[in-house]
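All remarks here apply to the structure that follows.
Protein chains: 2
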Amino acid sequence: MPVTIKDVARAAGVSPATVSRTLAAPGLVRHETRERVQRAVAALGYKPNRAARGLITGRTGNLGLIVPDLTNPFFPGVVKGVQTRARESDYAVFLADTDEDPTVEADTVRNLAKQVDGIVLCSPRMGEDEIRALVGETPMVMLNRRVGRLPSVTVNNADGIRQAIAHLTALGHRRIAYVPGPRASWSNRERLRILRQVTAAGGLELVVTGNVAPQFAGGVAAADQVLAAGVTAVLGYNDLVAVGMLSRFAARGVDVPGRISVLGFDDIVLSEMVSPSLTTLAQPKEQTGRAGVDLLLQLLTDPERAVARRELPSHLMVRNSTGAAASL
Amino acid sequence: MPVTIKDVARAAGVSPATVSRTLAAPGLVRHETRERVQRAVAALGYKPNRAARGLITGRTGNLGLIVPDLTNPFFPGVVKGVQTRARESDYAVFLADTDEDPTVEADTVRNLAKQVDGIVLCSPRMGEDEIRALVGETPMVMLNRRVGRLPSVTVNNADGIRQAIAHLTALGHRRIAYVPGPRASWSNRERLRILRQVTAAGGLELVVTGNVAPQFAGGVAAADQVLAAGVTAVLGYNDLVAVGMLSRFAARGVDVPGRISVLGFDDIVLSEMVSPSLTTLAQPKEQTGRAGVDLLLQLLTDPERAVARRELPSHLMVRNSTGAAASL
DNA sequence: TTGAAAGCGGTACCAT
DNA sequence: ATGGTACCGCTTTCAA
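The listed protein sequences derive, respectively, from chains B and S.
Residue 327, in numbering that gives the first Met the number 0, is where the first sequence stops; the numbers in between run on with no holes.
Residue 327, in numbering that gives the first Met the number 0, is where the second sequence stops; the numbers in between run on with no holes.
Structural data, given as structure tokens:
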């Protein structure tokens, strides 16, 4: 039998109301009484039932986090950031991995809505209309995408990509490929758009291959196309794709970076472990998670003044997979 | 304003009780009434408030999952397994990543206890007494460790290790090293114990190095010791450690598997991506998660007959990091 | 077959 | 400073 507020009240010889006060607003309780109650709480190991409390306060003390695929090493970092930040504010976290299925994502939001104070949503593929429809259910913060004026945490891709292209240009690369991830992914569209812009501005040629799954296998699949395209450098949609290419290149005996330079996005730990290690545009994963919770909590406490958008910096991690342009 | 059971009742022209019945026991409601209620539910998009329901039924429809470190690619697999199995039974999942800190783990259990029907606990390092103390708070299932007769899901390490040693023996290895993970880890102690037994039985020599963190860096740190030990094969505590060794060996120009064979545990995706790819004892990650939820749900519905233990098979994935023993 | 009412564990208002 | 009481959203007797 879990111990309830009544048990504590009885043990301390006070009313449940006083116990509640002692916990929520100790200032309103006489010193001596407070001590008595606190002793009873400690003795019985009383923990308020959050669900019951939420029923009346309208605050659950929980938040939801939805990610497309925990298996992609990018997301555990984000989850950790959310977790630690949430714990700091005494929030518990519902996690849902949706297996990249936007339908599941929407359902999950609806199911969770009543049990949380808000949701941190990382859903690169869901349609904008769908998302707008969901906003009515519960406060939401978007991660790594922007939808209208909804609160969001994004990374400054433009800045990062400029660094990357400057790096490649300095090494003499003039013809570059991009292996795009899922067509519907916001980040992918964003990266492609900026790449087009930056390469055009720099007088470079950009070759775009077919879309691939944002995974190792996607990179493996794209590698041969990239080679055939006669480029001296290639950016993968993310590190997994880039490492997939690295792997295929190695299998075909293609020298990296001698023959071709390879870059990724994210800076997952894997990129340091492979050989040659992968040059990549680091995304602040934990920070993204933290910022998401920050925004959400702001939104809850002070909806008026809450900052709606937060943009985090990205930076280039130069490693062994990039080098001077090959003379084809 | 979220829609409540009263709203539905009003819309359908019935009492809240009838709405409740329609959802929980449709058989008790007249056909026509039921239809009317169901239409109202659909029209208003009503979703029962689980917290409120839980208050009276004692069932929250939530479960907790505690893992030490999501950044270790082993755990996302487990989490996915838990998630999908939970979703099948319409359960939502609280996730806590404890950053390998047993104190946080215990706190988390206590905080979650009231909000969940049970907890799936993956806590290799927490003390047994601590765990026993926690069991009173809420039903628990242990993952990858056994504590007395508590419900648990484990992997048949003995069988897997026998396969691995047989493999190495067949290749001519006679002197083998093991790089142990955290001293307090149940899996680590288990693996070490079995390794001692199996190597002794096979007349092999086993060298055990110092304990390392269960991460890439741990493997890097241990690699030189291993080399100095004059063994022809080494097992790392897990794939991360093994890949760390691979990396250090590569940096030092040590040929794998020519000079030394390397094996890991887990079969995380990383082990296929590195080169040479890593031979490893696969652990059924998603299955472990699923089985954990299975056990927990059994425990909840039928405490008497519930199976307390489930042991999953492990098998050897032979890849390029193992080969014939070098003549030292 | 349906509704009224009590109550789950808390909080908050209004008295005292 | 403290207690009584209503109520949050829902389920579950108990009666009708």
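Even for Gly, the Cβ is constructed at its ideal location relative to N, Cα and C.
Values in this document were obtained by computation on a predicted structure and should not be read as measured data.
In this structure, the beta-carbon distance from LYS113 of chain S to ASN48 of chain B falls below 8 Å. In the DSSP assignment, ALA307 of chain B falls outside any beta strand (DSSP E) and carries neither an H nor an E. When S:ALA105, S:ARG145, S:VAL2 and S:ASP223 are compared, the shortest CA-CA separation from GLU129 of chain S is found for S:ALA105. For ARG174 of chain B, the closest of B:LEU205, B:SER186 and B:ALA165 by C-alpha to C-alpha distance is B:LEU205.
Look at the segment 267-291 of chain S: the residues with a C-beta under 9 Å from a C-beta of chain B are VAL268, LEU269, GLU271, MET272, VAL273 and SER274. Residue contact check for PHE215 of chain S against chain B: a CB pair falls below 8 Å. Using a 10 angstroms sphere on the CB of VAL242 of chain S, the tally of other CB atoms reaches 16 or more, which defines it as buried. Per DSSP, the beta-bridge partners of GLY63 of chain B are B:PHE93 and B:ILE118. PRO150 of chain B places its beta carbon 8 Å or farther from that of MET125 of chain B. Across the structure, PRO181 of chain B and ARG190 of chain B are spaced so that their CA atoms are roughly 12 Å apart. Residues of the segment 89-102 of chain B with a C-beta atom less than 8 Å from some C-beta of chain S are ALA91, VAL92, PHE93, LEU94, ALA95, ASP96 and ASP98, listed in chain order.
Put simply, the segment 150-162 of chain S touches the segment 310-321 of chain S. At least three CB pairs are less than 8 Å apart. The C-beta separation of ARG35 of chain S from ALA11 of chain S comes to about 5 Å, placing the pair in contact by the 8 Å criterion. Per DSSP, THR107 of chain B lies in no beta strand (DSSP E) segment; the continuous alpha helix (DSSP H) that holds it begins and ends at 101-112.
Taking 8 Å as the CB threshold, ALA50 of chain S lines the interface with chain B. Among the residues of the segment 103-119 of chain S, those with a Cβ less than 7 Å away from any Cβ of chain B are ARG109, ASN110, LEU111, LYS113 and GLN114, in the order of the chain.
The shortest CA-to-CA distance from ALA324 of chain B to any of B:ASP265, B:SER260, B:GLY288 and B:VAL273 is the one to B:SER260. Chain B places no beta carbon closer than 8 Å to that of ALA241 of chain S, leaving this residue out of the contacts. Taking the beta carbon of SER260 of chain S as reference, no residue of chain B falls within 8 Å; the closest one sits roughly 19 Å away.
If you check the CB distance, ILE4 of chain S and ILE65 of chain S do not come in under 8 Å. Collapsing the DSSP output to three states places MET272 of chain B in a helix. Under the DSSP definition of a beta bridge, HIS314 of chain B partners with B:ALA281. Along the segment 208-233 of chain S, the positions whose C-beta sits under 8 Å from a C-beta of chain B are PHE215, read in chain order. Listed by position along chain B, the residues whose Cβ is nearer than 8 Å to that of LYS5 of chain S form an empty set, because the closest Cβ is around 14 Å away. Within chain S, the residues whose beta carbon sits less than 9 Å from that of LEU54 of chain B are ASN48, ALA50, ALA51 and LEU54, listed in sequence order. For ARG174 of chain S, the secondary structure class from DSSP, reduced to helix, strand or coil, is strand. No Cβ of chain B is located within less than 8 Å of the beta carbon of SER19 of chain S. In this structure the segment 68-79 of chain S touches the segment 68-75 of chain B; the number of beta carbon pairs closer than 8 Å is three or more. By the C-beta density criterion, GLY44 of chain S is exposed, having fewer than 16 other C-beta atoms within 10 angstroms. Shown here is that no member of the segment 294-312 of chain B has a Cβ falling below 8 Å from a Cβ of chain S. Taking the Cα of GLN162 of chain S as reference, the smallest distance to any Cα among S:ARG20, S:VAL178, S:THR278 and S:ARG9 is reached at S:THR278.
Uninterrupted beta strand (DSSP E) stretches at least 3 residues long and entirely within the segment 163-224 of chain B occur at 174-178 and 204-207, given in chain order. Interface flag for GLY76 of chain B against chain S is set, since a Cβ pair is found closer than 8 Å. For ASP293 of chain B, the secondary structure class from DSSP, reduced to helix, strand or coil, is helix. Secondary structure of THR32 of chain B (DSSP, three-state): helix.
Interface with chain B (8 Å Cβ-Cβ cutoff): PRO67 of chain S is excluded.
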